[in-house]
Amino acid sequence: MSTLEEQIDIAVPVLAAWEQLHRVHDYPRFVDGVHSAYPHGRNLAHLGVAIRGAERDVETEITDRGRGRVMAWRTLDGLHLSGAFALLPLDPRHTRLQIRVEYDPEAMHDAFGGPRGFALAGAIERAVRSDLEQFRSLVEERVNAA
């Protein structure tokens with residue numbers, strides 16, 4: 001397994017960021033490669049993912065813990081992805097979003113093709129950074145428009 005950790009500061013209160021993380025239907029707006037997403041069941045979400053021309057349906061389990069500041073997730077299929085979002089209030093109007101992703105590089109390559117080794121790790125790191133930037137833009141626009 002490989003692990004990636006990233007963070008970004010967002011100019012919104014922690015509750016606004018927390019609420020946006022739980023809007024599963026909005027995931028296609030900020031998670032690269034996700035073209036459809038919907039929650040179902042108690043803690044489950046279905047994601048339609050397309051990366052490098054390979055399409056795949058992914059079932060995930062999402063759990064909250066840490067008094068509304070940590071959202072953990074894991075895939076329920078062969079991709080072997082898991083991770084967590086942690087929200088840290090910096091002040092009443094600013095939040096730090098930290099993400100930790102654990103993945104099996106071979107499973108990712110088998111499912112979606114593409115590079116291996118450092119090139120794969122670099123591609124995943126760039127994608128996660130881009131997703132965080134898109135998330136920040138989305139939630140800041142929502143809060144500023146309200």
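Residue numbers for the sequence shown follow UniProt numbering, so the first one is 1 and each next one is one higher.
Beta carbons are placed, not taken as given, at the ideal position from N, Cα and C, and that holds for glycine.
- Per DSSP, reduced to three states, the secondary structure at D32 is coil, with no helix or strand assignment.
- When rounded, the separation of the alpha-carbon atoms in D77 and E59 is 7 angstroms.
- A residue is called buried once 16 or more other Cβ atoms fall within 10 Å of its Cβ, and L15, having fewer, is exposed.
- When the Cα atoms are used, E133 and I8 turn out to be separated by approximately 8 angstroms.
- By the neighbour-count definition (other C-beta atoms within 10 Å, threshold 16), L90 is an exposed residue.
- Ranking M71, D32, A72 by CA distance to the CA of G53 puts D32 first.
- The shortest CA-to-CA distance from L88 to any of R69, V12, A123, E106 is the one to R69.
- Pairing A37 with V24, the inter-Cα distance amounts to about 6 angstroms.
- Here I124 is not bridged, per DSSP, to any residue.
- By the neighbour-count criterion, in which a residue is buried when 16 or more other Cβ atoms sit within 10 angstroms of its Cβ, T3 is exposed.
- Rounded to whole angstroms, the gap between the alpha carbons of A11 and E140 is 6 angstroms.
- The three-state secondary structure of H25, taken from DSSP, is helix.
- When the beta-carbon positions are compared, E5 and I124 stay at least 9 angstroms from each other.
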